[in-house]
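K.L.:
Before I ask anything, here is the structure I am working with.
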Amino acid sequence: MLLLQRWAGRVGGYLTLLSQLICQAATAAIEEDIEDITPELLASIDIGG
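According to my numbering, the sequence shown holds residues -10 to 38 in order.
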């Protein structure tokens, strides 16, 4: 839950941006053949917010 709160804070509490962040991270993880969403991967995603 703490991790979710941290990333919700990054997107200003907007669920749409949080959803986009998670979807983009999942896509990147699959494309990079790591299939894990790590804090480092989340930090590397530009959500434009």
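Where a beta carbon is used, it is the ideal one built from N, C-alpha and C, also for glycine.
(1) Glu20 by DSSP, collapsed to three states: which one?
(2) In this structure, how does DSSP classify Ile11 when only helix, strand and coil are distinguished?
(3) To the nearest angstrom, report how far apart Glu29 and Asp35 are at their CA atoms.
(4) For Ala32, count neighbouring C-beta atoms within 10 Å of its own C-beta (all shown protein chains included) and say buried if the count is 16 or more, exposed if not.
(5) Might you give, ordered along the chain, the residues of its own chain that have their beta carbon closer than 6 Å to the beta carbon of Gln13, omitting 5 neighbours on each side?
P.N.:
On the basis of the data shown:
(1) helix
(2) helix
(3) 12 Å
(4) exposed
(5) Ile34
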